[in-house]
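Student: Residue numbers (this note's numbering): 521 to 699. C-beta: ideal position from N, C-alpha, C; glycine also.
(1) Between the alpha carbons of residue 612 and residue 638, how many angstroms are there, rounded?
(2) Checking 7 Å against the spacing of the C-beta atoms, do residue 687 and residue 667 come in under that value?
(3) Taking the alpha carbon of residue 581 as the point to measure from, which residue in 609, 625, 544 and 604 has its own alpha carbon closest?
(4) Give every residue of the same chain whose Cβ lies closer than 6 Å to the Cβ of residue 605, excluding the five residues on either side of it in the sequence, and list them in chain order.
(5) Between the C-alpha atoms of residue 662 and residue 674, what's the straight-line distance to the nearest angstrom?
(6) Excluding the 5 residues preceding and the 5 following residue 682 in the sequence, name in chain order all residues of the same chain whose CB lies nearer than 6 Å to its CB.
(7) For residue 696, which of helix, strand or coil comes out of DSSP?
(8) Using 10 angstroms around the beta-carbon of residue 579, count the other beta-carbons present and answer buried if the total reaches 16, otherwise exposed.
(9) Looking at the structure shown, is residue 618 part of a helix, part of a strand, or coil, going by DSSP?
(10) Between residue 586 and residue 556, how many whole angstroms is the CB-CB distance? I'm expecting something under 8 Å.
(11) Let me check understanding here. Comparing Cα to Cα, which of 575, 655, 577 and 546 lies closest to residue 640?
(12) As a quick exercise: from 619, 542 and 541, pick the residue whose alpha carbon is nearest that of residue 679.
(13) Can the beta-carbon of residue 559 be found closer than 7 Å to that of residue 548?
(14) In whole angstroms, give me the CA-to-CA distance for residue 550 and residue 584.
(15) Which whole-angstrom value describes the C-beta separation of residue 636 and residue 608, a residue pair presumed to lie in contact below a C-beta threshold of 8 Å?
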């Protein structure tokens, strides 16, 4: 039951497949499909051994994937009325993901939060002493510009959806004093 969405009669079918869950879901999808999968939030050692079906599907799907957590699940800070979160990186695929999130946001009457995360080169390749503060500032400005450009223009196309963008560095960037 999702607030703000009208229900309608949709055809529902089922079939039996003798294969792992993730593979069966991926085999059953085609162009234009959207995979919606629940997450039971198994974690810890058991989650490492069996792997997460939701993660496997999201990693290998050629179509959009929506992972639904149930209220009361172990996911941190779950809010059924919260924003739709979408990762952006300035690529055409990222634009398609942002458009999908905005369409979903318009249908569900929810804001969209676009997040761009970036990191500096690994220490093994470029030691911290090699990158100057000015270079770090230039990289940050480039990433902030990329995040802003990625969401520019979308608000006009989806005037009923609030779009917020954020850019973050990796937690490992603390060694450079970047937050």
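Tutor: Looking at the atomic coordinates:
(1) Going from the Cα of residue 612 to the Cα of residue 638 covers about 17 Å.
(2) Yes, Cβ-Cβ distance for residue 687 and residue 667 is below 7 Å.
(3) Of the listed residues, the one whose Cα sits closest to residue 581 is 544.
(4) Here residue 605 has 633 as same chain residues with Cβ atoms under 6 Å from its own Cβ, once five neighbours each way along the sequence are excluded.
(5) If you take the alpha carbons of residue 662 and residue 674, they lie about 20 Å apart.
(6) Around residue 682: 631.
(7) Below a pLDDT of 50, predicted positions are generally treated as unreliable, and residue 696, at 42, falls in that range; the measurement from the model is reported next regardless. Helix at residue 696.
(8) By the 10 Å Cβ count, residue 579 comes out exposed.
(9) The DSSP-derived three-state label of residue 618 is helix.
(10) Between residue 556 and residue 586 the Cβ distance is about 5 Å, and since that is below 8 Å, they are a contact.
(11) Scanning 575, 655, 577 and 546 for the CA closest to the CA of residue 640 turns up 655.
(12) Comparing Cα positions, the closest option is 619.
(13) Not closer than 7 Å, so no.
(14) So the two alpha carbons sit approximately 11 Å from each other.
(15) The C-beta distance from residue 636 to residue 608 rounds to 5 Å, short enough to fall under 8 Å.
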